[in-house]
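K.L.:
Per the numbering used here, residue 1 is the first one in the sequence shown, and the count goes up by one each step. Idealized CB from N, CA, C, for every residue including glycine. Once you've had a glance at the structure underneath, I'll fire off some questions.
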Amino acid sequence: MAILVNQHTRLLVQGITGNAGAFHARSCMEYGTQVVAGVTPGRGGETFDGKVPIFDTVAEARTKTGCNATMIFVPAPFAADSIIEAAAAGIELIVCITEGIPVLDMIRVKTILKKTNSRLIGPNCPGIITPGACKIGIMPGYIHKPGPVGVVSRSGTLTYEAVWQLTQLGLGQSTCIGIGGDPIKGTTHTDAIRLFNEDPETQAIMLIGEIGGQEEEEAAIYIREHVRKPVLAFIAGQTAPPGRRMGHAGAIISSGQGTAQAKIQALREAGIHIAETPAVMGQRLKELLS
Numbered sequence: 001m002a003i004l005v006n007q008h009t010r011l012l013v014q015g016i017t018g019n020a021g022a023f024h025a026r027s028c029m030e031y032g033t034q035v036v037a038g039v040t041p042g043r044g045g046e047t048f049d050g051k052v053p054i055f056d057t058v059a060e061a062r063t064k065t066g067c068n069a070t071m072i073f074v075p076a077p078f079a080a081d082s083i084i085e086a087a088a089a090g091i092e093l094i095v096c097i098t099e100g101i102p103v104l105d106m107i108r109v110k111t112i113l114k115k116t117n118s119r120l121i122g123p124n125c126p127g128i129i130t131p132g133a134c135k136i137g138i139m140p141g142y143i144h145k146p147g148p149v150g151v152v153s154r155s156g157t158l159t160y161e162a163v164w165q166l167t168q169l170g171l172g173q174s175t176c177i178g179i180g181g182d183p184i185k186g187t188t189h190t191d192a193i194r195l196f197n198e199d200p201e202t203q204a205i206m207l208i209g210e211i212g213g214q215e216e217e218e219a220a221i222y223i224r225e226h227v228r229k230p231v232l233a234f235i236a237g238q239t240a241p242p243g244r245r246m247g248h249a250g251a252i253i254s255s256g257q258g259t260a261q262a263k264i265q266a267l268r269e270a271g272i273h274i275a276e277t278p279a280v281m282g283q284r285l286k287e288l289l290s
């Protein structure tokens, strides 16, 4: 079993005719994902690679193909409107890969999404994958393996590192979610952990956080009160100086808050095990399951 996506997911790609959209749409199809439609305004009636129909609007794609998830590769100035269009069309899962969406645009998106039944993953994220069943995003599919570990991470690169370590140790993954490193985004650590906690086939959870914000502290409170499965966490940015932004827009220590030390302390107080370095994430999780 998995969360959010499986072999029945029917994927739409917004921006399928752009270079990035086309490349990753093909990668998802090669992995086995059902890519049933693309949307590029003005290109309706064409087909992608001779087999995926292209529509002018998400609503039209939804009506004619029954797509229930979308992957967005629209340039940043237009990406917020693409998210809102997908939600207005009733798409249940919206995965936005685009980075650089203005904060004010995302505030508007968050306000509108609260009035819909759509879930957003991202933006500025690698996406979501249920190994062996469905890949929506830019992650390398071959490093994943079906299994019992749920992975949720703010960092795409560290997600790949954790997954590769788990796979090398014989530990597969139920679902892996890269939630993105922007300060305002859709699905949070707590949202994903709640879903993993309710999934009977997820036996352990790996949480990868980083400096900035209070998401990890909020997840720690939820885990302490609700989760009885083993949880391992790693926090990136332990040597980051205050005030220096570390790659992700949301990874910045401000007013002394959001430090790695504060996050690690909150996680430890909630009974969550900590990986001291990224090199031992997989091994530490394996020890929890042994």
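Can you tell me the Cβ-Cβ gap for residue 64 and residue 122, rounded? I've got them flagged as a contact below 8 Å.
P.N.:
No, residue 64 and residue 122 are not in contact; Cβ-Cβ is about 26 Å, not under 8 Å.
K.L.:
Below 9 Å between beta carbons: does that hold for residue 237 and residue 266?
P.N.:
no
K.L.:
In the DSSP assignment, what residue or residues form a beta bridge with residue 35?
P.N.:
Looking at the DSSP output, residue 35 sits in a beta bridge with 11.
K.L.:
Between the C-alpha atoms of residue 239 and residue 47, what's the straight-line distance to the nearest angstrom?
P.N.:
49 Å
K.L.:
Only counting the same chain, and skipping five residues up and downstream in sequence, which positions put a Cβ closer than 6 Å to that of residue 86?
P.N.:
Closer than 6 Å at Cβ, skipping near neighbours: 58, 70, 94.
K.L.:
May I ask which residues mark the beginning and end of the beta strand (DSSP E) holding residue 121?
P.N.:
According to the DSSP assignment, residue 121 belongs to the beta strand (DSSP E) that extends over 119 to 121.
K.L.:
What residue range does the beta strand (DSSP E) around residue 207 cover?
P.N.:
Run containing residue 207: 204 to 210, per the beta strand (DSSP E) assignment.
K.L.:
Taking only the alpha-carbon atoms, compute the straight-line gap between residue 223 and residue 105 and give it to the nearest angstrom.
P.N.:
31 Å
K.L.:
For residue 53, does the three-state DSSP call read helix, strand or coil?
P.N.:
strand
K.L.:
Can you tell me which of 211, 143, 164 puts its alpha carbon nearest to the alpha carbon of residue 182?
P.N.:
211
K.L.:
If you draw a straight line from the alpha carbon of residue 218 to that of residue 278, how long is it in whole angstroms?
P.N.:
22 Å
K.L.:
Should residue 269 go down as buried or exposed, given a rule of 16 or more other Cβ atoms within 10 Å for buried?
P.N.:
exposed
K.L.:
Pairs of beta-carbons, one from the region 153 to 162 and one from the region 6 to 22, closer than 8 Å: are there three or more?
P.N.:
no
K.L.:
How would you label residue 199, buried or exposed, when you count the other beta carbons within 10 angstroms and need 16 or more for buried?
P.N.:
buried
K.L.:
Out of 62, 33, 23, which has the shortest C-alpha to C-alpha gap to residue 135?
P.N.:
33
K.L.:
Is residue 167 near residue 130, with beta carbons less than 9 Å apart?
P.N.:
no
K.L.:
What ranges does the beta strand (DSSP E) occupy inside the region 119 to 195, keeping only unbroken runs of at least 3 residues that lie completely in it?
P.N.:
Annotation note: the region 119 to 195 contains the following uninterrupted beta strand (DSSP E) runs of length 3 or greater, listed N- to C-terminal: 119 to 121, 127 to 130, 134 to 137, 146 to 153, 173 to 178.
K.L.:
According to DSSP, simplified to helix, strand and coil, what is residue 221?
P.N.:
helix
K.L.:
Look up residue 233 in the DSSP assignment and give the residues it is bridged to.
P.N.:
207, 274
K.L.:
From what residue to what residue does the alpha helix (DSSP H) around residue 69 run?
P.N.:
Note, residue 69: premise wrong, no alpha helix (DSSP H); beta strand (DSSP E) at 69 to 72.
K.L.:
Note down the Cα distance separating residue 264 from residue 170, rounded to an integer number of angstroms.
P.N.:
27 Å
K.L.:
Among 2, 193, 208, 3, which has the Cα closest to the Cα of residue 221?
P.N.:
Checking every option, the nearest Cα to that of residue 221 belongs to 193.
K.L.:
What is the DSSP secondary structure of residue 103, reduced to helix, strand or coil?
P.N.:
helix
K.L.:
One question on the structure: do residue 196 and residue 150 come within less than 9 Å of each other, judged by their Cβ atoms?
P.N.:
yes
K.L.:
Do residue 137 and residue 28 have their C-beta atoms closer together than 9 Å?
P.N.:
Cβ atoms of residue 137 and residue 28: closer than 9 Å.
K.L.:
By Cβ distance, which residues of its chain are closer than 6 Å to residue 156, with the 5 residues on each side in sequence left out?
P.N.:
Excluding positions up to five away in sequence, the list reads 126, 178.
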